[in-house]
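Written out below as structure tokens is the structure these notes cover.
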RNA sequence: GGAGGGUUGGGCGAGCGGUUGAAGCCGACCGACUUAUAAUCGGAUGUACGUGUCGCACCACCUACCGAGGGUUCAAAUCCCUCACCCUCCGCCA
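Residue numbers (our numbering): 60 to 991.
Set out below in structure tokens:
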């Protein structure tokens with residue numbers, strides 16, 4: 060007789076091989092067809108809401124590991140909050156406006172762009188954004204991320220644009236908005252502002268000049284030898300044309316300067332470290348150092364501009380070097396970034412007397428109307444004429460050029476719009492708001508706090524096409540700024556219906572409410588602003604456009620979750636937008652994660668060749684492995700990604716999958732409705748398993764709660780491997796297989812593993828979203844949610860908590876460890892093969908004897924051997940003395956009994972029955988039950 | 001240059017003054033089983049230096065090693081300092 064047929068072996072159609080790459084798309088399709096996200100929304104209606112607000116990725120290019128990581132992390136949080144009993148909707152968003160798209164469109168359009176209207180260019184940009192939104196949407200969905208993908212928020216949607224205009228209007232109307240100057244890159248042939256990305260550095264030949272500025276302030280008081288002398292401070296520049304805009308001279312605070320007397324009794328001030336080389340350049344042979352000067356003594360003293368009758372103030376700046384020049388840096392706050400910052404620090408005007416086409420304006424004496432590069436010659440001539448030019452020489456250096464027309468660009472200050480950090484106490488209010496938010500990890504607070512504390516006013520205007528216009532007007536007559544609540548509402552209303560393009564296509568008269576007149580001069584003729592808004596303002600108001608606007612969402616959000624770079628980005632701009640208009644942060648908690656780096660901890664760069672694309676991993680491993688990676692790594696630090704890491708995860712995945720498969724296989728004939736055994740009647744080992752399950756459940760739920768997903772993963776994996784696979788399941792195998800199908804012994808174990816699977820499949824779901832749902836479909840219940848994701852976590856069951864029981868078993872497990880060690884030794888010596896070939900004798904101290912006596916009958920199955928004898932330790936002659944447990948000796952010997960053909964246990968009762976002579980008494984009993 | 005964070009054994013990660021050479025899991029290694037079978041179970045598993053009468057193998061012991069170096073302490077992976085390396089931010093980049 061083939062006794063194998065009489066065993067209850069596991070049986071399940073659930074495939075061992077995951078085949079994720081093929082199966083994931085099928086599961087996604089199923090979710091799509093059934094409308095899983097909508098089902099979840101319906102089932103959780105009315106629950107307490109959990110609001111995670113999505114930071115919008117930029118709608119440009121394919122997703123990368125960083126964006127994939129971020130989206131999966133969000134998905135894990137949302138799914139876990141959802142299953143913890145919240146209503147956690149997810150509205151993904153995209154940032155659509157901005158330079159990168161405009162720049163790409165520029166490149167695609169080429170020269171055609173010059174003939175196109177702004178509205179036409181904007182149409183191309185919109186199409187470009189739409190294209191990549193579609194691409195990224197599919198890539199995100201492929202990761203198993205659930206959300207309102209068909210109704211995301213886009214910063215270029217008309218209602219969103221209207222919100223931007225309304226929110227900006229609040230700043231304009233509350234007095235925070237100011238107009239002020241700031242230098243930017245400017246191409247004088249394209250007559251346009253350029254971004255750093257649009258500037259190319261090329262070799263360029265320039266005339267560099269050394270120029271003397273006579274000191275106005277008397278140095279004689281601090282340095283007596285200089286009394287009554289004609290003192291000059293000497294500067295060097297490679298851009299003579301910026302000299303008319305000179306307002307200051309910068310010295311390094313820590314460098315040493317000298318006053319040097321030359322042959323014609325003139326005294327020059329320059330850095331000591333450059334003295335010799337300068338004198339050599341000037342051709343001055345004999346000179347004498349009169350004084351060593353401390354820069355601090357010179358600060359705020361005045362020199363006179365060599366061409367104009369105005370002072371040039373001496374300032375201190377850390378960027379001054381001794382690499383070239385004189386150590387005294389010509390400073391024109393209107394024509395250089397560092398100059399500008401120094402100017403702001405010292406309260407110096409931002410003077411930039413150059414127009415759009417690069418010509419000096421009329422208030423520049425001698426050079427008005429001259430194009431700046433052409434003016435270099437004239438300026439040098441004039442300097443020579445007044446005797447200020449010490450030396451002129453040609454140098455070649457790297458100079459910025461326009462990416463499109465290849466001409467050199469200039470740095471020029473223009474009127475810009477700023478949101479003041481001080482006027483309405485925005486800085487302090489923002490700092491206060493920061494302290495009311497919980498930042499995870501906690502150092503995020505300090506980081507953003509310092510940024511807000513030291514940041515300059517927010518420049519919100521851009522001279523660009525692809526963005527939301529700054530919707531203010533000026534009176535054509537008196538240049539009065541025209542803005543009012545009525546105008547904001549009027550325009551926002553139009554934009555809401557027709558989009559922000561109307562700003563560019565419609566005339567002022569059509570954009571303004573009828574009969575608008577200038578409050579200053581009464582004029583009815585207006586000019587609209589042509590600048591657009593910084594796109595950080597776009598995404599910064601997403602809390603208003605999305606969370607406040609959709610009735611199923613709330614603001615402030617419970618959570619913003621982005622990479623740590625967003626302390627400067629979205630967290631920052633959102634904070635300012637929200638505090639400036641509502642005086643509170645738009646979020647209660649901010650969670651940040653690190654960056655994805657390669658296996659060696661290096662950043663991923665195309666040039667380094669270490670970039671891994673999500674798509675590549677999905678094709679080779681499946682999105683599920685990516686999800687496991689996201690969960691398994693501690694996201695607070697940099698997140699490493701390598702082939703080896705994925706390999707490890709794939710193996711861990713297989714283990715968990717297979718454990719679940721085994722559970723499914725053994726539940727094949729189990730109907731929890733009718734077959735469940737009450738807890739009190741279950742075997743103690745099964746109750747042990749349920750106890751451990753409660754511990755796991757509690758720990759994992761807590762880990763989800765605290766965003767400790769790597770603990771979720773490690774706990775789940777350890778439970779599958781340690782508690783289940785190598786211990787519990789291994790032991791109950793015998794009971795499950797050989798006991799009568801419907802026996803209490805078997806049903807007891809099945810009750811336990813059924814409960815285990817119910818808990819496990821849910822705990823896994825936020826991370827292993829595909830596999831858990833696949834398992835879900837194989838679980839047989841009278842009533843069940845259509846997907847695990849529409850269900851809830853199983854609450855911790857306190858009635859299954861029995862610490863006393865767990866403690867007892869800790870001891871048994873420890874002893875079991877010693878037994879398996881002894882078995883392995885016997886195996887080495889070839890005395891046994893399978894552990895069931897062995898008979899074990901335990902030599903026990905009286906304490907251990909007492910502890911184990913209640914388990915006398917269970918020990919052979921717990922150890923998975925054929926028999927266990929327990930005797931006093933002193934009576935056991937040989938055997939392995941445990942070095943971890945005192946009072947324990949283990950002796951292993953091959954069983955002398957024959958092996959039962961059915962259950963493989965060696966037993967003396969085999970052969971007692973004639974019909975089944977190769978079977979033990981225990982199996983015989985079962986057979987008789989089955990056969991009748 | 002400024003601001004913020006990090007560096008634990010081949011991998012993931014515990015640990016955050018003593019019980020830690022450092023949990024647990026994985027891997028690589030050896031073995032068992034063929035009743036979870038492209039699965040499952042068990043065991044052992046850091047490196048270097050020195051000592052154990054010569055060399056080799058093995059074993060036992062000692063010491064050192066948690067980026068490097070110093071310090072505090074009876075005691076440090078854990079606290080302090082210095083340095084190195086890595087990551088993020090400081091753009092009309094998002």
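Beta carbons are placed, not taken as given, at the ideal position from N, Cα and C, and that holds for glycine. Everything numeric in this text was worked out from a predicted model, so none of it was measured.
For residue i, which three-state DSSP category applies?
i, result
"residue 672", "coil"
"residue 520", "strand"
"residue 741", "coil"
"residue 634", "helix"
"residue 230", "helix"
"residue 246", "strand"
"residue 993", "The requested residue 993 does not occur in the structure, where the chain is confined to residues 60 to 991."
"residue 102", "helix"
"residue 260", "strand"
"residue 694", "coil"
"residue 251", "strand"
"residue 915", "coil"
"residue 201", "helix"
If the criterion is Cβ atoms closer than 9 Å, does the pair residue i and residue j meet it?
i, j, result
"residue 516", "residue 480", "yes"
"residue 228", "residue 544", "yes"
"residue 288", "residue 233", "no"
"residue 647", "residue 616", "yes"
"residue 54", "residue 264", "Past the edges of the chain, shown from 60 to 991, lies residue 54, and the structure says nothing about it."
"residue 971", "residue 946", "no"
"residue 449", "residue 293", "yes"
"residue 926", "residue 896", "no"
"residue 478", "residue 423", "no"
"residue 98", "residue 204", "no"
"residue 401", "residue 330", "no"
"residue 577", "residue 542", "no"
"residue 1047", "residue 686", "The structure shown does not extend to residue 1047, since the chain is modelled only from 60 to 991, so the question has no answer here."
"residue 840", "residue 734", "no"
"residue 165", "residue 103", "no"
"residue 729", "residue 813", "yes"
"residue 652", "residue 510", "no"
"residue 1080", "residue 866", "Residue 1080 is absent from the structure shown; the chain starts at 60 and stops at 991."
"residue 225", "residue 548", "yes"
"residue 917", "residue 783", "no"
Where does residue i land, buried or exposed, given buried means 16+ other C-beta within 10 angstroms?
i, result
"residue 61", "exposed"
"residue 68", "exposed"
"residue 283", "exposed"
"residue 51", "Since the displayed the chain opens at 60 and closes at 991, residue 51 lies outside it and no answer follows."
"residue 446", "exposed"
"residue 337", "buried"
"residue 93", "exposed"
"residue 657", "buried"
TODO: Kindly confirm or deny that the stretch 146-157 and the stretch 187-195 touch, where touching means at least three C-beta pairs closer than 8 Å.
DONE: Taking 8 Å as the limit for Cβ pairs, the verdict is that the stretch 187-195 does touch the stretch 146-157.
Open item on the list: Is it the case that the stretch 919-930 contacts the stretch 784-794, given that we only count it when at least three CB pairs across the two stretches are under 8 Å?
Closed with: yes
Task: Any 3 or more C-beta pairs closer than 8 Å across the stretch 670-677 and the stretch 108-128 - done: yes
Open item on the list: Does the contact criterion of 3 or more C-beta pairs under 8 Å hold for the stretch 103-123 versus the stretch 748-760?
Closed with: no
Open item on the list: Check whether the stretch 354-372 and the stretch 295-309 touch, using three or more Cβ-Cβ pairs below 8 Å as the test.
Closed with: yes
TODO: Just list the alpha helix (DSSP H) runs in the stretch 451-536, keeping only unbroken ones of 4 residues or longer that don't cross its boundaries, in chain order.
DONE: Runs found: 485-495 and 502-513.
TODO: Quick one: which unbroken alpha helix (DSSP H) runs of 4-plus residues sit fully inside the stretch 729-797? Chain order, please.
DONE: 731-734, 743-764, 768-777 and 788-797
Task: Within the stretch 815-863, ranges of the beta strand (DSSP E) (whole runs, at least 3 residues) - done: none
TODO: Examine the Cβ distances between the stretch 849-863 and the stretch 752-765 and report whether three or more of them are shorter than 8 Å.
DONE: In short, these stretches touch, since the Cβ pair count reaches three.
Open item on the list: With three or more C-beta pairs closer than 8 Å as the rule, is the stretch 385-395 touching the stretch 465-477?
Closed with: Inter-segment contact for the stretch 465-477 and the stretch 385-395 is present: three or more beta-carbon pairs are separated by less than 8 Å.
Task: Sequence ranges, beta strand (DSSP E) only - wholly within the stretch 942-983, length at least 3 - done: 947-953
Task: Inter-stretch contact (C-beta, 8 Å, three-pair minimum) for the stretch 615-635 and the stretch 492-507 - done: yes
TODO: Pair every Cβ in the stretch 372-381 with every Cβ in the stretch 343-363, then say whether three or more of these pairs are closer than 8 Å.
DONE: Counting C-beta pairs closer than 8 Å gives three or more between the stretch 372-381 and the stretch 343-363, which meets the contact rule.
Open item on the list: Pairs of beta-carbons, one from the stretch 341-351 and one from the stretch 314-324, closer than 8 Å: are there three or more?
Closed with: yes
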